[in-house]
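Residue numbers (UniProt numbering): 1 to 272. Think of the CB as a built atom: it goes at the ideal place given N, C-alpha and C, for glycine as much as any other residue. First the structure, in the form of structure tokens, and then the observations on it.
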Amino acid sequence: MRVAQGLVLVLLAVASLGPILWLARASVSTTQDTLRTPMAFWPSGIDWANLSTAWNQAQISHYFTNTVWVALGSWFVQLLVATTGGYVLAVLRPRYAPVVTAAVLATLFIPGVVVLVPLFLTVLDLPVVNASLLNTYWAVWLPAGANAFNVLLVKRFMDGLPRDVYEAARMDGAGPLRMLWSVVLPMSKPILGVVSIFAFLNAWKDFLWPQIVLPEPTLQPLSVRLPLIRDTVELDVFLAALLISMALPIVIFLVFQRLFLRGAGLGGAVKG
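Shown next, in the form of structure tokens:
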């Protein structure tokens with residue numbers, strides 16, 4: 001059994017880390033080495049200039065900044081909606097909470113392509129204000145908040161928190177906002193880390209919606225521009241651009257995994 005488990009672990013490591021390691025090697029190799037000997041380790045030496053060429057001449061730095069703005073805005077809106085929505089449904093529990101929960105759950109069964117056209121028409125002519133969000137990052141940020149999965153995920157976690165803490169906070173005179181900030185959020189660090197990972201990575205790799213609402217090339221993120229950059233640069237420079245585009249999501253994942261996914265927030269909040 002141990003041998004079988006070891007083999008499965010090795011296969012998983014090769015399948016998950018293999019493409020990333022190969023891309024890291026190919027991004028600092030010449031195009032000839034990548035095409036002729038794709039599995040060899042730098043027959044012609046390491047070409048570090050690929051990274052600087054991709055960052056400067058291929059304008060990866062500009063599109064990288066656009067992607068950071070798109071991802072941070074989407075992350076903030078999703079975290080705000082998921083936290084407040086889960087707090088209202090799980091902690092405050094108004095009378096209409098079951099109806100709202102059922103409605104949010106029902107949206108999970110609607111394919112995203114079905115609401116694509118109505119959502120675009122809404123962004124094109126925002127109701128009430130009669131303004132267009134086209135070619136603005138708000139067109140990406142605001143729809144990102146309508147994520148039913150994150151709301152239900154946070155609600156499910158808050159349902160399992162000890163309600164004695166809530167009652168003690170109310171007896172001490174804490175209102176809904178104070179209880180959210182001082183009691184619920186410290187205990188919810190693990191689930192907020194999970195939501196943050198999902199929100200940031202999904203926004204970073206999203207392709208279809210930014211391509212639709214951001215037709216201006218100077219505003220587009222890496223996910224939209226990389227297929228177009230591929231036809232204008234050498235293969236080694238394009239592989240370097242791919243490596244740069246995936247570096248930050250890996251770092252973000254490791255940081256959130258270290259800070260929020262250990263479950264230490266729950267114990268500390270209960271003791272307080």
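Going by DSSP, what residue range makes up the alpha helix (DSSP H) through residue i?
i: Met-171; result: 163-171
i: Pro-143; result: 138-144
i: Ala-90; result: No alpha helix (DSSP H) holds Ala-90; DSSP gives it neither H nor E.
i: Phe-157; result: 148-159
i: Ile-110; result: Counting along the chain, Ile-110 falls outside any alpha helix (DSSP H), and DSSP gives it neither H nor E.
i: Ser-16; result: 2-27
i: Gln-32; result: 31-36
i: Thr-53; result: 49-56
i: Phe-200; result: 189-205
i: Met-179; result: 176-179
i: Gln-211; result: 208-213
i: Val-224; result: 222-229
For residue i, count neighbouring C-beta atoms within 10 Å of its own C-beta (all shown protein chains included) and say buried if the count is 16 or more, exposed if not.
i: Tyr-96; result: exposed
i: Leu-266; result: Caution is warranted here: a pLDDT of 42 is assigned to Leu-266, below 50, making its placement in the model unreliable, and no coordinate value can be reported.
i: Pro-210; result: buried
i: Met-1; result: exposed
i: Ile-20; result: exposed
i: Val-10; result: exposed
i: Gln-32; result: exposed
i: Gly-86; result: buried
i: Ile-191; result: buried
i: Asp-236; result: buried
i: Leu-7; result: exposed
Would you grab the beta carbon distance between residue i and residue j for me? Rounded to a whole angstrom, and I think it's under 8 Å.
i: Gly-154; j: Ala-169; result: This sequence places Val at residue 154; Gly is not what is there. Not confirmed; about 19 Å, so no contact.
i: Ala-240; j: Asn-50; result: 4 Å
i: Ile-244; j: Trp-69; result: At roughly 16 Å, the Cβ-Cβ gap does not stay under 8 Å, so Ile-244 and Trp-69 are not in contact.
i: Ser-196; j: Leu-79; result: 6 Å
i: Trp-138; j: Ser-74; result: Incorrect: roughly 11 Å between the Cβ atoms, too far for contact.
i: Ala-131; j: Val-77; result: No, Ala-131 and Val-77 are not in contact; Cβ-Cβ is about 18 Å, not under 8 Å.
i: Leu-242; j: Leu-23; result: 6 Å
Using the DSSP secondary-structure output, state which residues sit across from residue i in a beta bridge.
i: Leu-126; result: Ala-131
task = Could you say if the segment 158-173 and the segment 36-54 meet the contact criterion of at least three C-beta pairs nearer than 8 Å?
result = no
query = Given 8 Å as the limit, is there contact between the segment 156-164 and the segment 77-91, that is, 3 or more CB pairs closer than that?
reply = yes
query = With contact counted as at least three CB pairs below 8 Å, one residue from each stretch, are the segment 100-109 and the segment 141-156 in contact?
reply = yes
inquiry  = Using a Cβ distance threshold of 8 Å, determine whether the segment 13-23 contacts the segment 208-224, with at least three qualifying pairs required.
reply    = no
ask   = Between the segment 114-122 and the segment 183-194, do three or more beta carbon pairs fall short of 8 Å?
value = no
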